[in-house]
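Q: One structure follows; several queries about it will come next.
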């Protein structure tokens, strides 16, 4: 995926959020409807990319605070969702830069978290730590793609609307990405 | 074969990793309240607030009286016979009047944010005292929206960390930062509608729908707002939850020497060390 594609999302899509965005520009209180519509997907996206719970809550807060603050600057090129996930991507890049986390650091952070969330209780801690570590060492554009699919829960058509390209090509890229991860994730039974 | 059957263990783990937990739901509710505050339903004190403030008009008692008269007059002319619409317009006008700070007073507001009847996790409350005219000196307390206890008298800005009061020169003229100004503007928007009367926690209130799904409840005897409910529709964690802003206090205090001390951080914390060096602001 090219950076150019991410920075210039497809503009031809009809934005389902267009009316809400317009309302939020006139009155920021209308932004709450946009929050309700997107928060679970955005936070899921962040959860897949940031291991530390406090850090990901900070990131999600920054994403929506930034979106609210900059809603007047949203130019309408591409959809509101694509703009929001671009903010999310940038925010995560910032936090990784600031925290200087690396593969081992993230894995250790997960393993040593005394207040591990239910996902850590459901999944084997060691396996989850390794999974996070594998995700962490993927190139950022692959992390972005993976988190859009499995964190935000977007289908391939929705991902295409965000980052451009066509569903078939995205599907192929995702397949290769999963194969790459699977080779380093030997617990996989499939 | 279902989609789930087709998923590999890797894919299932990825999905599980992102699945919302109760902790996530609590977090997104708290964030929702903070965003609502920034978006205008309750404005934040401090330097960052003006970036999010809606357009505001000067508010005076005279303007409020005119607005009430105008609102009633317009409806009277429109309906000739008056009736329910006139009554509704009068209710809205009176509610707006109750939210209009008179000059030369101290506006005292305390708000508490609640979810399903309980105080929001993390302690969502805000309390402020502010001169309604002149310098607009103010003091703010509260975890709602974050930040330490602070004050500003128009010349100097103060911040208290529990031990030390830090000071630095104020950088911009103060304006009245009325936490309920947005509700007043919504009542004045022409989109507010009186639903009827009801009783909440033993109080007789008018239920008034406001723009964007907010609902205000105003005491029938004083027209003072008691509760502002947020819209909770949509696929978020807020769905089905009652997110309510409780107006614990709304009063316009006279400027007596005792009341003026409420504006001063040093008067409220006489034992605190006062740091006069602006470079040390915030303990730096």
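Protein chains in written order, with the numbering used here: chain L, 1 to 190; chain S, 1001 to 1284. Backbone N, C-alpha and C define an ideal beta-carbon position, used for all residues, glycine too.
#1: Distance check for residue 1096 of chain S and residue 1260 of chain S, CA to CA, integer angstroms please.
#2: Please report the residue range of the alpha helix (DSSP H) in which residue 1182 of chain S lies.
#3: Of all the residues that make up the region 1024-1044 of chain S, which are near chain L by a beta-carbon distance shorter than 8 angstroms?
#4: CB-CB under 6 angstroms to residue 1215 of chain S, same chain, minus the five flanking residues each way: which ones, in chain order?
#5: What is the C-beta distance between residue 85 of chain L and residue 148 of chain L, in whole angstroms, given that I count them as a contact (C-beta under 8 angstroms)?
#6: I'd like the span of the beta strand (DSSP E) that includes residue 1139 of chain S, first residue to last.
#7: Closer than 8 angstroms is the cut-off here; do at least three beta carbon pairs connect the region 1187-1194 of chain S with the region 1164-1178 of chain S?
#8: Is residue 64 of chain L close to chain S, meaning its C-beta is less than 9 angstroms from at least one C-beta of that chain?
#9: Just the Cα atoms here: how many angstroms apart are residue 1273 of chain S and residue 1163 of chain S?
#10: Check each candidate in L:30, L:26, L:15 and L:42 and name the one with the smallest Cα separation from residue 154 of chain L.
#11: For residue 1224 of chain S and residue 1101 of chain S, I'd like the C-alpha separation in whole angstroms.
#12: Do you know whose CA, among S:1110, S:1088 and S:1245, lies nearest residue 1252 of chain S's CA?
#13: Looking only at its own chain, which residues have a Cβ that is under 7 angstroms from the Cβ of residue 1161 of chain S, when we skip the five neighbours before and after it?
#14: Just curious, the alpha helix (DSSP H) that residue 60 of chain L is in, first and last residue?
#15: Exposed or buried, which one is residue 1276 of chain S when buried takes at least 16 other CB atoms within 10 Å?
#16: Establish whether the CB of residue 19 of chain L and some CB of chain S are separated by less than 9 angstroms.
#17: Suppose you measure from the CA of residue 1221 of chain S to the CA of residue 1199 of chain S; what does that come to, to the nearest Å?
#18: Could you name the residues of chain L that residue 1114 of chain S contacts, counting a contact when the two beta carbons are closer than 7 angstroms?
#19: Starting from the Cα of residue 1212 of chain S, find the closest Cα among L:15, L:14 and L:34 and give me that residue.
#20: Taking the alpha helix (DSSP H) that residue 1259 of chain S falls in, what are its first and last residues?
#21: Mind checking if residue 1019 of chain S is an interface residue toward chain L, Cβ cutoff 9 angstroms exclusive?
#22: Could you give the DSSP three-state label for residue 1156 of chain S: helix, strand or coil?
#23: Return yes when the Cβ of residue 82 of chain L is within less than 9 angstroms of the Cβ of residue 161 of chain L, no when it is not.
A: Result, derived from the coordinates:
#1: Against the second chain, residue 1260 of chain S aligns to sequence position 260. Against the second chain, residue 1096 of chain S aligns to sequence position 96. Each residue's alpha carbon lies about 26 angstroms from the other.
#2: Position 182 of the second chain holds residue 1182 of chain S. Here the alpha helix (DSSP H) through residue 1182 of chain S covers 1181-1187.
#3: 1024, 1027, 1028, 1031, 1032, 1034, 1035, 1036, 1038, 1039, 1040 and 1041
#4: Looking up residue 1215 of chain S in the second chain gives position 215. 1209 and 1229, listed in sequence order.
#5: Translated into positions along the first chain, residue 85 of chain L becomes position 85. Translated into positions along the first chain, residue 148 of chain L becomes position 148. Rounded, the Cβ-Cβ distance is 7 angstroms, consistent with contact.
#6: On the second chain, residue 1139 of chain S is found 139 positions in, with the first residue counted as 1. Here the beta strand (DSSP E) through residue 1139 of chain S covers 1138-1141.
#7: no
#8: As a working mapping, residue 64 of chain L is identified with position 64 in the first chain. Answer yes: the Cβ-Cβ gap between residue 64 of chain L and chain S drops below 9 angstroms somewhere.
#9: Here residue 1273 of chain S refers to the residue found at position 273 of the second chain. Here residue 1163 of chain S refers to the residue found at position 163 of the second chain. Rounded to the nearest angstrom, the two C-alpha atoms are 7 angstroms apart.
#10: Residue 154 of chain L sits at position 154 when you count from the first residue of the first chain. Of L:30, L:26, L:15 and L:42, the residue nearest in Cα terms is L:42.
#11: In the second chain, the residue the question calls residue 1224 of chain S occupies position 224. In the second chain, the residue the question calls residue 1101 of chain S occupies position 101. If you take the alpha carbons of residue 1224 of chain S and residue 1101 of chain S, they lie about 12 angstroms apart.
#12: For the purposes of this step, residue 1252 of chain S is identified with residue 252 of the second chain, where counting begins at 1. With distances taken between Cα atoms, residue 1252 of chain S lies closest to S:1110.
#13: Translated into the one-based positions of the second chain, residue 1161 of chain S becomes position 161. Within the same chain, residue 1161 of chain S has close Cβ partners 1148 and 1283.
#14: Position 60 of the first chain, counted from the first residue, corresponds to residue 60 of chain L. 53-69 is the span of the alpha helix (DSSP H), which, as asked, contains residue 60 of chain L.
#15: Here residue 1276 of chain S refers to the residue found at position 276 when the second chain is read from its first residue. Per the 10 Å Cβ criterion, exposed.
#16: If you number the first chain from 1, residue 19 of chain L lands on position 19. So no, residue 19 of chain L is outside the interface.
#17: Position 221 of the second chain holds residue 1221 of chain S. Position 199 of the second chain holds residue 1199 of chain S. If I take the Cα positions, the gap works out to 12 angstroms.
#18: Position 114 of the second chain, counted from the first residue, corresponds to residue 1114 of chain S. Residues of chain L passing the Cβ test: none, with the nearest at roughly 17 angstroms.
#19: Translated into the one-based positions of the second chain, residue 1212 of chain S becomes position 212. That would be L:34, whose Cα lies nearest to the Cα of residue 1212 of chain S.
#20: Sequence index remark: in the second chain, residue 1259 of chain S carries index 259 (1-based). Its alpha helix (DSSP H) spans residues 1257-1260.
#21: For the purposes of this step, residue 1019 of chain S is taken as the residue at position 19 of the second chain. Chain L, which has a Cβ nearer than 9 angstroms to the Cβ of residue 1019 of chain S, makes this yes.
#22: Working through the second chain from its first residue, we reach residue 1156 of chain S at position 156. In this structure, residue 1156 of chain S counts as strand in the three-state DSSP scheme.
#23: Here residue 161 of chain L refers to the residue found at position 161 when the first chain is read from its first residue. Here residue 82 of chain L refers to the residue found at position 82 when the first chain is read from its first residue. Yes; because the gap between Cβ atoms is below 9 angstroms, this pair is in contact.
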